[in-house]
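Novice: Can you read through this structure? Questions will come right after.
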Amino acid sequence: MVRVRFAPSPTGPLHIGGLRTALFNYLFARKNSGKFILRIEDTDQMRYVPGAEEYIVESLKWVGLDYDEGPDIGGPKGPYRQSERVELYRKYAQVLIEKGWAYYAFDTPQELEDMRQRLRQAKSSVQLYNHLTRGEMKNSFTLTQAEVKERIEAGEKYVIRFNMPADKQIIVHDIIRGEVKVNSNTLDDKVLFKSDGFPTYHLANIIDDHLMEISHVIRGEEWLPSLPLHILLYEAFEWEPPKFAHLPLILKPNGKGKLSKRDGDQMGFPVFPLDWTDPKTGEKARGYREWGYLPEAVINILAMLGWNPGTDQEIFTLQELIEQFSLDRVQKSGAKFDPDKARWFNQQHLRKKSTQELAQMFLPVLESQGIETDEQYLFRVIELLKDRVEFIEEFWTKGFYFFEPPRSYDAKGLKKAWKQQTPEIMLELKEKISQIDDFTSENIERELKQWVESKELSFSKVFTPLRLLVQGSTSGPHLFDMLELIGKKEVIRRIETGVSTIKR
RNA sequence: GCCCGGUUCGUCUAGUGGUUAGGACGCCAGGUUUUCAACCUGGAGGUCACGGGUUCAAGUCCCGUACCGGGUGCCA
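With positions in the first sequence counted from 1, the corresponding number in my numbering is that position plus 743.
This is the structure we're talking about:
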């Protein structure tokens, strides 16, 4: 039975790297008819951010990654919030101590800092709390059992550290990277249990993965260095470890480091699925949703960062991804995020939508502009604009003139197309237009083209200014379709007001 | 510093010892259009990080170096 989990910590808004980790877990679970579990790793009280968990849940919901077990929906292996499982971790830490795999330590932060400082100055290649240094620190190795007991009973702060064996060759296997060999001398006696009564990630993670019967751990590459420790912990508990797959990181577009919170707004693309306001600083960050990205586009973008199907297909639905996903087509190297291609994905998915669906999505934008319109008209507008839009909002920015007259005229367009004799031509054109009874695109086109030819004018000399008057800019959908839709009366009105305001 | 991972067009990538190194985004040009987009056609862009091996044959296997990234916390 495949069981995988997405285990974020609620220390801020989930970012798209995390969302991709969730996606790959989800795809793997669904592909293998397994379970996908959400577990909240809130063992760091200091970094806990209120609202972050809700944000994670809402983000997953938005992109459609539904989980089978989780903090808000429960499940057979709960609770799914680590802060509610602390007693469990305490118990298992005790087991490790009894087995000799862990020990108590009483060193203060200052003492730890001094130790590292000393090693640095001694130019030691390793500056670790390990078999070489623990004999000089305050812990179960240097204090008698009675002293340790006394200190704990006196309420002194302590941590529980892993007893990292010396000079042990550890070979771990990663599904994506193959064998990774590490010598335990490069590892340290990691803190497993903190003095605040909470476990660290390493302990809680191993215990939960075991208890929740996780079969595959699919997580970010930043965890690869601690995999040997985790393997050792499974060994210490005498538990069967799950299989591991470490995903390549999503990098900044310029290739300098992991994609991070700050990059987004700065570089003109979102880093978070949804809008987020930091409860402490009030700092705001834009999300994909609010930016106008379709959830299916976001999924598609993330899926193609670090994975490919081995075919030329690039546009996928979630369902198609489930069918085709496999961990052995996951890339080893980090992928730079490409904002341009992200937009293209959105456009591709937008184009797959029906006119009705697009209208549904566009309606709130119209409402926010205070526009009311009838459905048939809206549908026709959308059909004209559909192919020239990357985001829903652009139905407004590129098509507002279907709903209200232009308030200004594009300066560049005026400069190019508005000549000395243009006002006169436009007024004559207006007369011609008023004589067209059958105001349909095809007919308008035939009559106007005929008229232009009879006046021995060029199409562009007439039609570019006309477009400018009616919509305020020089580029847009098929001119005659546009005129038909806006309607004869309104077209005439716009020519009149335009000619008189542009007159200067 | 030490440890781990990575390295194919600007970017995402195909490629598992024998191909003119393929596709996509972006870019450029032409076609279509009154215009823009879409669409169609074409183009530029890669000494497969570098240096050594192994082999009849290496982007593909091995070693070294460089560079990039991650880790190195009582963060996750």
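The beta carbon of each residue, even a glycine, is placed where N, CA and C say it ideally should be.
Everything numeric in this text was worked out from a predicted model, so none of it was measured.
If you pair each beta-carbon of the stretch 1236-1244 with each one of the stretch 1178-1196, do three or more pairs fall below 8 Å?
Specialist: With a cut-off of 8 Å, the stretch 1178-1196 and the stretch 1236-1244 do not count as touching, because too few Cβ pairs lie within range.
Novice: What are the start and end residues of each continuous alpha helix (DSSP H) run of 4 or more residues lying completely inside the stretch 1124-1180, in chain order?
Specialist: As far as the stretch 1124-1180 is concerned, its whole alpha helix (DSSP H) runs of at least 4 residues are 1137-1140, 1154-1160, 1165-1177.
Novice: Quick one: what's got a C-beta closer than 7 Å to P996's C-beta in the same chain, skipping five residues either side?
Specialist: Excluding residues within five positions, the ones whose Cβ falls inside 7 Å are M1010, K1079, F1080, D1081, P1082.
Novice: Got a sec? Which residues, its chain only, sit under 7 Å from T1165 by beta carbon, not counting five neighbours each side?
Specialist: Around T1165: P1208.
Novice: Note down, in chain order, each residue of its chain lying with its Cβ closer than 7 Å to the Cβ of K1075, except the 5 sequence neighbours on either side.
Specialist: Contacts found: I919, R920, P991.
Novice: Going by DSSP, what residue range makes up the beta strand (DSSP E) through F936?
Specialist: Note, F936: beta strand (DSSP E), 934-936.
Novice: Assign Y1031 to one of three DSSP states: helix, strand, or coil.
Specialist: Note: Y1031 maps to helix in three-state DSSP.
Novice: Which residues mark the beginning and the end of the beta strand (DSSP E) in which N926 is found?
Specialist: 921-926 is the extent of the beta strand (DSSP E) around N926.
Novice: Y1144 to I1135, Cα distance in whole Å?
Specialist: Computed Cα separation, rounded: 16 Å.
Novice: If you draw a straight line from the C-alpha of I1245 to the C-alpha of M1169, how long is it?
Specialist: If I take the Cα positions, the gap works out to 12 Å.
Novice: How long is the line joining the alpha carbons of R833 and I903, rounded to whole angstroms?
Specialist: For R833 and I903, the distance between alpha carbons rounds to 10 Å.
Novice: Kindly indicate the opening and closing residues of the alpha helix (DSSP H) around K1084.
Specialist: Element bounds for K1084: 1082-1094.
Novice: Do I950 and Y835 have their beta-carbon atoms positioned less than 8 Å apart in this structure?
Specialist: Yes, the pair counts as a contact, with Cβ atoms nearer than the cut-off.
Novice: Residue range of the beta strand (DSSP E) that I780 falls in?
Specialist: 778-781 is the extent of the beta strand (DSSP E) around I780.
Novice: What residue range is occupied by the uninterrupted beta strand (DSSP E) comprising V960?
Specialist: Counting along the chain, the beta strand (DSSP E) containing V960 begins and ends at 959-963.
Novice: Starting from the C-beta of E893, find all residues in its chain whose C-beta is less than 7 Å away, skip the five residues before and the five after it, and write them out in chain order.
Specialist: Correct list: empty, nothing qualifies.
Novice: Need the endpoints of the alpha helix (DSSP H) that I913 sits in, please.
Specialist: Segment 912-917 is the beta strand (DSSP E) holding I913; no alpha helix (DSSP H) there.
Novice: Using 8 Å as the threshold, is the C-beta distance between T887 and G878 below it?
Specialist: The answer is no: Cβ separation not under 8 Å.
Novice: Can you tell me which of the three DSSP states G1025 falls into?
Specialist: In this structure, G1025 counts as coil in the three-state DSSP scheme.
Novice: Quick check: the Cα distance between Q853 and D931, rounded to an integer number of angstroms?
Specialist: Using only the alpha carbons, I get a separation of about 18 Å.
Novice: Quick one, which of E801, R1150, V869, V1213 has its alpha-carbon nearest L757's?
Specialist: With distances taken between Cα atoms, L757 lies closest to E801.
Novice: Could you work out which residue in K1158, P1148, L1101 is closest to F1138 when comparing CA atoms only?
Specialist: Answer by Cα proximity: L1101.
Novice: Using only the alpha-carbon positions, how far apart do D785 and P751 sit?
Specialist: Their Cα atoms are separated by approximately 8 Å.
Novice: When you compare only the Cα positions, how much space is there between L781 and P985?
Specialist: Roughly 17 Å between the two C-alpha positions.
Novice: For the beta strand (DSSP E) that L803 lies in, which residues bound it at each end?
Specialist: From DSSP, L803 is part of no beta strand (DSSP E) but of the alpha helix (DSSP H) over 795-806.
Novice: Taking only three categories from DSSP, how would you classify I903?
Specialist: Residue state, collapsed to three classes: strand.
Novice: To the nearest angstrom, how far is it from the Cα of T1140 to the Cα of K1027?
Specialist: Distance between the alpha carbons of T1140 and K1027: 24 Å.
Novice: Pairs of beta-carbons, one from the stretch 925-940 and one from the stretch 950-959, closer than 8 Å: are there three or more?
Specialist: Output reads no: the stretch 950-959 does not touch the stretch 925-940.
Novice: Exposed or buried, H959, counting other C-beta atoms within 10 Å across all chains shown (16 or more means buried)?
Specialist: Classification for H959: buried.
Novice: The alpha helix (DSSP H) with H1221 in it runs from where to where?
Specialist: H1221 -> no alpha helix (DSSP H), and no H or E assigned at all.
Novice: Given 8 Å as the limit, is there contact between the stretch 1105-1125 and the stretch 1045-1062, that is, 3 or more CB pairs closer than that?
Specialist: Contact fails: fewer than three Cβ-Cβ distances are below 8 Å.
Novice: Checking the sheet assignment: what are the DSSP bridge partners for R746?
Specialist: K778, per the DSSP bridge assignment.
Novice: Only counting the same chain, and skipping five residues up and downstream in sequence, which positions put a Cβ closer than 6 Å to that of R1123?
Specialist: Around R1123: L1228.
Novice: Ordered along the chain, which non-local residues of its own chain (more than five positions away) have a Cβ less than 7 Å from that of Q1067?
Specialist: The answer, listed in chain order, is P1052.
Novice: Between which two residues does the beta strand (DSSP E) harbouring Y944 extend?
Specialist: Here Y944 belongs to no beta strand (DSSP E); instead the alpha helix (DSSP H) covers 944-954.
Novice: Apart from the five residues on each side of it in sequence, which residues of its chain come closer than 6 Å, Cβ to Cβ, to Q1091?
Specialist: Taken in chain order, the residues that qualify are I1058.
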